[in-house]
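Asker: I am attaching a structure below and will ask some questions about it afterwards.
Residue numbers (the working numbering): 1 to 307.
This is how it looks when you write it as structure tokens:
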């Protein structure tokens with residue numbers, strides 16, 4: 001079967017198969033690595049995570065199409081599904097919830113190429129990032145991607161750069177009021193920042209080692225390819241074309257800054273990486289090389305599941 005031919009098209013069967021793939025691997029990870037069926041709560045968490053991952057898949061496809069990040073194909077969500085299948089995150093609702101909020105922020109950030117309703121887009125993206133930071137503090141690094149996107153906006157207005165600060169003030173006041181009513185205390189603010197863990201010992205696990213080696217090598221490779229092909233991209237699309245590269249590297253730092261290394265934080269690298277590698281598959285002329293790479297991504301989740 002020619003995977004690149006199948007996922008090089010967009011059809012309902014692609015979405016159905018990839019959704020089933022995500023749910024199946026979520027359940028298998030739950031059974032084999034986390035014993036999720038031994039506790040009722042874990043079973044519920046497993047299905048919540050599976051639902052969030054399927055929603056993330058559809059959300060990723062939506063903003064990729066909406067902003068013309070790839071052509072009419074499903075390479076990005078195919079790669080997203082395969083990479084998610086490599087990680088044992090079956091019952092980690094917090095990490096998966098933060099991923100959904102980050103994707104909602106990306107959806108707004110990548111729409112900056114259209115100057116329509118810019119203030120609302122910036123405010124929405126800022127609020128999604130702040131909400132994501134409640135689940136994963138270092139999601140705040142996505143403001144780096146937001147400001148890079150703002151710098152690329154034609155006729156960018158000075159007031160745009162202050163909107164995230166207004167959003168920050170609004171979120172701070174609402175959070176302070178909420179926690180004061182709930183706990184009669186302002187201590188939430190002092191517990192909000194999280195330290196960076198320098199304990200990378202979990203990445204010595206063969207599963208994570210293979211995943212990280214694959215991701216870092218392919219990010220560097222496809223990143224250089226992407227930059228070298230910049231001159232072939234229409235000027236109106238160059239902003240988002242290069243923004244993907246920035247998003248990939250920010251997401252790598254975001255994962256590395258995790259306050260507790262469990263391996264689940266690597267989930268945050270997947271979406272922008274899937275878009276970047278998806279574009280590579282789309283433009284690569286060597287059909288057999290593309291096919292080999294696609295099969296590698298498909299086989300690895302199955303292999304890592306039983307290591």
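The C-beta atom is built at its ideal place from N, Cα and C for all residues, glycine as well.
Suppose the cutoff is 7 Å on Cβ atoms and the five residues either side in sequence are ignored; what does the same chain contact list for residue 292 look like?
Answerer: As a working note, residue 292 is residue 292 in the chain shown. Contacts found: none.
Asker: Would the beta-carbon of residue 215 fall within 9 Å of that of residue 307?
Answerer: By 1-based counting over the chain shown, the position of residue 215 is 215. By 1-based counting over the chain shown, the position of residue 307 is 307. Against a cut-off of 9 Å, the Cβ pair of residue 307 and residue 215 comes out as no contact.
Asker: Taking the alpha-carbon of residue 297 as reference, which of 210, 227, 153 and 253 has the nearest alpha-carbon?
Answerer: Within the chain shown, the letter at position 297 stands for residue 297. Ranking the options by Cα distance to residue 297, first place goes to 210.
Asker: If you run the structure through DSSP and keep just helix, strand and coil, what is residue 2?
Answerer: Position 2 of the chain shown, counted from the first residue, corresponds to residue 2. If DSSP states are grouped into helix, strand and coil, residue 2 belongs with coil.
Asker: Here's a check: name, in chain order, each residue in its chain whose Cβ is nearer than 8 Å to the Cβ of residue 150, leaving out the five neighbours to either side.
Answerer: Locating residue 150 in the chain shown gives position 150, where the first residue counts as 1. Correct list, in chain order: 112, 122, 156, 160 and 161.
Asker: How about residue 68 and residue 305: are their beta carbons less than 9 Å apart?
Answerer: Looking up residue 68 in the chain shown gives position 68. Looking up residue 305 in the chain shown gives position 305. It is not a contact, given that the beta carbons lie outside the stated cut-off.
Asker: For residue 275, does the count of other Cβ atoms within 10 angstroms reach 16, so buried, or fall short, so exposed?
Answerer: By one-based count along the chain shown, residue 275 stands at place 275. Buried.
Asker: With the cut-off set at 9 Å, would you say residue 59 and residue 100 are in Cβ contact?
Answerer: Against the chain shown, residue 59 aligns to sequence position 59. Against the chain shown, residue 100 aligns to sequence position 100. Their beta carbons are under 9 Å apart, which means residue 59 touches residue 100 by this criterion.
Asker: Helix, strand or coil for residue 86? Go by DSSP, reduced to three states.
Answerer: Here the question's residue 86 lines up with position 86 in the chain shown. The answer is coil: DSSP assigns residue 86 none of H, G, I, E or B.
Asker: Starting from residue 206, trace the alpha helix (DSSP H) both ways and give me its first and last residue.
Answerer: Taking the chain shown and counting its residues from 1, the one referred to as residue 206 is at position 206. From DSSP, the alpha helix (DSSP H) with residue 206 extends over 206 to 228.
Asker: Which first and last residues belong to the alpha helix (DSSP H) in which residue 249 is found?
Answerer: Locating residue 249 in the chain shown gives position 249, where the first residue counts as 1. Taken as a continuous stretch (DSSP letters only), the alpha helix (DSSP H) holding residue 249 covers 238 to 256.
Asker: Cα-Cα, which of 148, 167 and 138 is closest to residue 119?
Answerer: Stepping through the chain shown from its first residue, residue 119 is reached at position 119. The option with the nearest alpha carbon to residue 119 is 167.
Asker: Hey, is the region 12 to 26 in contact with the region 78 to 90, meaning 3+ C-beta pairs nearer than 8 Å?
Answerer: yes
Asker: Nearest-angstrom Cα distance between residue 289 and residue 106?
Answerer: Counting from one through the chain shown, the residue named residue 289 turns up at place 289. Counting from one through the chain shown, the residue named residue 106 turns up at place 106. In a straight line, the C-alpha of residue 289 is about 30 Å away from that of residue 106.
Asker: Rounded to the nearest angstrom, what separates residue 193 and residue 137 at their Cα positions?
Answerer: Residue numbering aside, residue 193 sits at position 193 when the chain shown is read from its first letter. Residue numbering aside, residue 137 sits at position 137 when the chain shown is read from its first letter. The straight-line gap from Cα to Cα measures roughly 7 Å.
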